[in-house]
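Following: one structure in structure tokens, then a few remarks.
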Amino acid sequence: MGRVAEDRPRLSEKIARWRWASFRTSFLNLGRDEGFVAILHVEDHAATRDVVRQALKASGIAVVSVDGVGAAKRAVAESGDLAGALVDLRLRDGSGLELYEWLAAHHPALSTRVAFVSGGGTELARRVAAIGRPVLEKPFELAELVRLVVRWENGDDRPPGTAD
2 MGRVAEDRPR LSEKIARWRW ASFRTSFLNL GRDEGFVAIL HVEDHAATRD VVRQALKASG
62 IAVVSVDGVG AAKRAVAESG DLAGALVDLR LRDGSGLELY EWLAAHHPAL STRVAFVSGG
122 GTELARRVAA IGRPVLEKPF ELAELVRLVV RWENGDDRPP GTAD
């Protein structure tokens, strides 16, 4: 009898993990035709790029990671259909706002699915807020980013918190 009681919590934990994995997979696949979604991540710090890439990969999201504005422009041209872009505001070869303006001129559909990352309180962050794109303050919750990507993939280009 003691052995069965000991096994039940383990079994219920396994079922709970399986249910979560099934839910997460179903939730992330809502509205997908290609079987996976990819976003562009522009960040000049390699360690941050790696953490974000691994976290999103674990959630079923492919990431095209680049370290600057020039590399991002090349990646957009080569990557085809991207669900969105997560762009650091301060980059070594320019600003995230500069990349956003280029996207708006050359890839307007993608420019509606851009979120920025900021270390906080910069003039660039205030300018981005004025154009209505989301700004995630470092350190941000990766779950918040996953929710945003799911919204993009399901056709919701509005910034978070925007009313219907």
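Position in the sequence shown (from 1) plus 1 gives the number in the working numbering. Even for Gly, the Cβ is constructed at its ideal location relative to N, Cα and C.
Chain-order list of residues whose beta-carbon lies under 6 Å from that of residue i (same chain, five-residue window excluded)
i	result
Ala-105	Ser-112
Leu-57	Val-64
Arg-54	Val-64 and Ser-66
Gly-120	Lys-139
Cross-strand partners of residue i (DSSP beta bridge)
i	result
Val-88	Val-43 and Phe-117
Val-64	Ile-40
Gly-95	Leu-92
Opening and closing residue of the beta strand (DSSP E) in which residue i lies
i	result
Leu-137	136-138
Cβ-based neighbour list, residue i, same chain, cut-off 7 Å, excluding 5 preceding and 5 following
i	result
Asp-89	Val-43, Glu-44, Asp-45, Gly-97 and Val-118
Gly-71	Asp-94
Ala-73	Leu-41, Val-43, Val-67 and Leu-100
Integer-rounded CB distance, given that residue j should sit under 8 Å from residue i
i	j	result
Ala-86	Leu-125	Their Cβ separation, rounded to whole angstroms, is 16 Å, which puts Ala-86 and Leu-125 out of contact at 8 Å.
Ala-84	Trp-153	5 Å
Asp-158	Arg-114	6 Å
Residue span of the alpha helix (DSSP H) that contains residue i, given as start and end
i	result
Glu-145	143-154
Gly-71	70-80
Leu-83	Looking at the DSSP string, Leu-83 is not in any alpha helix (DSSP H), and its letter there is neither H nor E.
Near the ligand NAD: residue i beta-carbon under 7 Å from a heavy atom
i	result
Ala-63	The ligand NAD is absent from the structure shown, which contains no ligand whatsoever.
Contacting residues, own chain, Cβ-Cβ under 8 Å from residue i (five flanking each side not counted)
i	result
Val-129	Leu-90, Gly-97, Leu-98, Tyr-101, Phe-117, Ser-119 and Val-136
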